[in-house]
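Visitor:
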Amino acid sequence: MNRNFDETTGRKQFFENVDRELSKLIDPATGKVRAELLEHVNCPVCDANSYDPLFVKQGFDFVRCRNCNLVYVTPRLLESATLAYYGDAADQQSMTDWLNVLANPLNQSWQIPYFQEAVNILAKLIPANGRILDIGCSIGLFMEIAQKSGFECIGLEPEPKSREYALGRGLDVRPQLFNDAGFSPASFDAVTMFGVLEHLSKPKQMLADIWDVLKPGGAVMVIVPNVYSFANGALHEQARTFTGRNHLSYFAWDTLSDLFKRAGYEIAHLDTALAGLDAALNHWQFKEPHSSLTLDLLPPKLRALLQDPQGRAQFEKLICDWDMGLRLRLVARKPK
Ligand SMILES: [Zn+2]
97 MNRNFDETTG RKQFFENVDR ELSKLIDPAT GKVRAELLEH VNCPVCDANS
147 YDPLFVKQGF DFVRCRNCNL VYVTPRLLES ATLAYYGDAA DQQSMTDWLN
197 VLANPLNQSW QIPYFQEAVN ILAKLIPANG RILDIGCSIG LFMEIAQKSG
247 FECIGLEPEP KSREYALGRG LDVRPQLFND AGFSPASFDA VTMFGVLEHL
297 SKPKQMLADI WDVLKPGGAV MVIVPNVYSF ANGALHEQAR TFTGRNHLSY
347 FAWDTLSDLF KRAGYEIAHL DTALAGLDAA LNHWQFKEPH SSLTLDLLPP
397 KLRALLQDPQ GRAQFEKLIC DWDMGLRLRL VARKPK
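Numbered per the numbering used here, the sequence shown spans residues 97 to 432.
(1) Sorted by chain position, which residues of the same chain lie with C-beta nearer than 7 angstroms to LEU373's C-beta, five sequence neighbours on each side aside?
(2) What do you reckon, are the CB atoms on LEU133 and LEU173 nearer than 8 angstroms?
(3) Between which two residues does the beta strand (DSSP E) harbouring HIS474 extend?
(4) Closer than 8 angstroms is the cut-off here; do at least three beta carbon pairs connect the segment 392 to 399 with the segment 340 to 360?
(5) Tell me whether VAL292 sits in a helix, a strand or coil according to DSSP, three-state version.
(6) Would you kindly work out how many angstroms separate the C-alpha atoms of LEU394 and LEU370, rounded to a whole number?
(7) According to DSSP, is ALA348 part of a helix, a strand, or is it coil?
(8) In the DSSP assignment, the beta strand (DSSP E) including GLU112 goes from what residue to what residue?
(9) When you compare only the Cα positions, how much space is there between ASN200 and SER146?
(10) To the nearest angstrom, how far is it from the Cα of GLU117 to the Cα of SER205?
(11) Give me the Cα-Cα distance between ALA125 and SER280, rounded to the nearest whole angstrom.
(12) Whole angstroms are fine: how far does the CA of LEU355 sit from the CA of VAL437?
(13) Since I believe VAL129 is in contact with LEU121 (beta carbons under 8 angstroms), could you give me their beta-carbon distance rounded to a whole number of angstroms?
(14) Answer with buried or exposed for LEU414, where buried requires no fewer than 16 other C-beta atoms within 10 angstroms of its C-beta.
(15) Counting only runs that start and end within the segment 384 to 414, where is the alpha helix (DSSP H) found for 4 or more residues in a row?
(16) Within the same chain, show all residues whose beta-carbon is closer than 8 angstroms to that of SER283, passing over the 5 residues directly before and after it, in chain order.
(17) Helix, strand or coil for GLU271 per DSSP?
Set out below in structure tokens:
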């Protein structure tokens with residue numbers, strides 16, 4: 097791919113503005129986020145308070161729990177500072193930029209099949225015409241695709257710009273946070289959270305709350321970054337997924353399953369998606385990871401494989417099949 101995906105979709109501008117916003121949180125004396133904005137937290141999955149430091153990025157400390165292996169951020173921004181970012185995003189340039197990324201046709205060209213796959217996975221596990229709640233539905237792309245497949249969807253999105261976009265597409269999207277939305281017990285066949293769980297300060301509590309609105313046998317589907325993806329293994333802290341303001345927990349196959357099992361759910365599906373090759377391949381060649389992909393310095397057989405579209409597709413499939421895709425997709429069930 098010669099075209100720079102980052103520039104065309106507006107990602108480059110988004111990440112530049114995130115960097116600018118984050119630099120305002122830094123105490124120049126320490127190089128870390130200002131202490132008055134931070135709170136120490138125990139492991140969000142197992143509640144232990146024993147961890148190994150991994151790295152520091154943009155003033156945030158990333159650690160790994162010695163008890164359950166979850167990678168998480170501590171100390172982290174006070175919840176009030178985080179909620180202010182999502183709920184009062186008007187003055188955050190990066191939020192406007194992100195909406196532009198989401199609405200960009202090139203970006204949607206991979207998002208549509210990505211959400212269609214999610215609908216297909218879910219469709220095997222819940223009744224046709226079932227009722228789905230999409231928490232953090234953003235611009236509503238998943239809801240649109242699920243509705244076309246016959247499901248009834250309600251979305252929740254506190255961020256006003258994305259919500260307005262979704263409302264403009266005729267979707268039933270509400271502004272409340274989940275706990276304020278007042279849904280009846282056992283009223284949904286499925287609850288979905290795509291790119292949400294890693295943002296939550298209390299993921300365990302969220303799974304306990306969702307339990308109540310699910311019908312017996314109902315499903316929760318989540319998609320989260322895969323901390324041990326091929327791309328993260330190559331890039332470590334240079335991977336964009338490591339962003340201490342927004343992503344608080346970094347799950348792997350085991351820690352994600354663990355979180356759901358601790359909340360009483362049964363795991364029904366777990367796999368990985370999106371190979372995320374380009375940044376890793378640039379980094380492999382000691383180039384700027386997010387620049388346009390070039391293959392010239394790769395070993396010749398690997399280069400030939402990647403230049404052949406079929407070869408590349410095979411390579412990408414292997415990465416996902418070997419659990420090294422960028423995203424983990426999990427469906428768990430509330431027992432009947
Ligand atoms: Zn833990």
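From the three backbone atoms N, C-alpha and C, an ideal C-beta is built for every residue, glycine too. Note that the structure is predicted; figures quoted are calculated from it, not measured.
Guide: In brief:
(1) Position 277 of the sequence shown holds residue 373. Closer than 7 angstroms at Cβ, skipping near neighbours: GLU412.
(2) Looking up residue 133 in the sequence shown gives position 37. Looking up residue 173 in the sequence shown gives position 77. Yes. Within cutoff.
(3) Residue 474 is absent from the structure shown; the chain starts at 97 and stops at 432.
(4) no
(5) Residue mapping note: residue 292 aligns to position 196 of the sequence shown, counting from 1. DSSP places VAL292 in coil when its eight states are reduced to three.
(6) As a working note, residue 394 is residue 298 in the sequence shown. As a working note, residue 370 is residue 274 in the sequence shown. One C-alpha to the other measures close to 21 angstroms.
(7) Position 252 of the sequence shown holds residue 348. ALA348 falls in the coil class under three-state DSSP.
(8) Taking the first residue of the sequence shown as position 1, residue 112 is located at position 16. Counting along the chain, GLU112 falls outside any beta strand (DSSP E), though it belongs to the alpha helix (DSSP H) covering 107 to 119.
(9) Residue numbering aside, residue 200 sits at position 104 when the sequence shown is read from its first letter. Residue numbering aside, residue 146 sits at position 50 when the sequence shown is read from its first letter. One C-alpha to the other measures close to 43 angstroms.
(10) Along the sequence shown, one-based indexing puts residue 117 at 21. Along the sequence shown, one-based indexing puts residue 205 at 109. If I take the Cα positions, the gap works out to 29 angstroms.
(11) Here residue 125 refers to the residue found at position 29 of the sequence shown. Here residue 280 refers to the residue found at position 184 of the sequence shown. Going by the C-alpha atoms only, they are around 51 angstroms apart.
(12) With the chain represented from 97 up to 432, any question about residue 437 goes unanswered, as that position is not in the structure.
(13) Against the sequence shown, residue 121 aligns to sequence position 25. Against the sequence shown, residue 129 aligns to sequence position 33. Confirmed, about 5 angstroms.
(14) Residue numbering aside, residue 414 sits at position 318 when the sequence shown is read from its first letter. Looking at its Cβ environment, which holds fewer than 16 other Cβ atoms inside 10 Å, LEU414 is exposed.
(15) 396 to 403
(16) Position 187 of the sequence shown, counted from the first residue, corresponds to residue 283. The answer, listed in chain order, is ARG227, VAL309, LYS311.
(17) Locating residue 271 in the sequence shown gives position 175, where the first residue counts as 1. In the sequence as presented, Glu is not what sits at residue 271; that position holds Pro. Coil at PRO271, not helix or strand.
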